[in-house]
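Chemist:
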Amino acid sequence: MVDHLTLRVAAFGTSSSAGGGVVGMDRVSRDALGVEPGDAVEISGGGRPAVANVCGCVPADEGLGRIYMDVLTRSEACAEAGDEVRVRRIVPREAERVVIAPDRTADRPGEPVDGLATLIGPNIGGRVLKAGVRFAIP
105 MVDHLTLRVA AFGTSSSAGG GVVGMDRVSR DALGVEPGDA VEISGGGRPA
155 VANVCGCVPA DEGLGRIYMD VLTRSEACAE AGDEVRVRRI VPREAERVVI
205 APDRTADRPG EPVDGLATLI GPNIGGRVLK AGVRFAIP
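Written out as structure tokens, the structure is:
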């Protein structure tokens, strides 16, 4: 087991993983880091590290040394498809407090966020987060 790996960033091929806070890694990479699907990793690109839960990848992508990331996770890690990132296993701790605020974009200033509380649980339950992270609520 190694402390970290350097993997090449690739975009998830489907929108079903968009904003889900997961990264796809092949079996060789997961074994080298000592992680299984559902475990947490930290991804360091050109800026502040991002965190995500690990999932597998399709059999055709086994052994390619890639990490599949959605657009939000790539943005958090300051990485683009084709970039190399450093990936390491982390053991998250339970938060004592979580503050969630809607992202007020220029095209929706002041728009009410009715029902936000009912959307939060299903979208962040079991997901690894850290301070300042952005995530999507469909």
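Take the sequence shown: its position 8, counting from 1, is numbered 112 in the numbering used here, and each next residue is one higher. Backbone N, C-alpha and C fix where the C-beta goes; we use that ideal spot for every residue, glycine too. Everything numeric in this text was worked out from a predicted model, so none of it was measured.
Just checking my contact of G149 with V189 at CB under 8 Å: how many whole Å lie between their CB atoms?
Modeler: 5 Å
Chemist: Apart from the five residues just before and just after D187, which ones in its own chain have a Cβ nearer than 8 Å to its Cβ?
Modeler: R112, V113, G149, G150
Chemist: Any idea which residues DSSP pairs S148 with across the strands?
Modeler: R190
Chemist: If you pair each beta-carbon of the segment 197-204 with each one of the segment 151-170, do three or more pairs fall below 8 Å?
Modeler: no
Chemist: Exposed or buried, what is A164 when buried is set at 16 or more other beta-carbons lying within 10 Å of its beta-carbon?
Modeler: exposed
Chemist: Out of curiosity, what's the CA-to-CA distance linking D143 and E184?
Modeler: 23 Å
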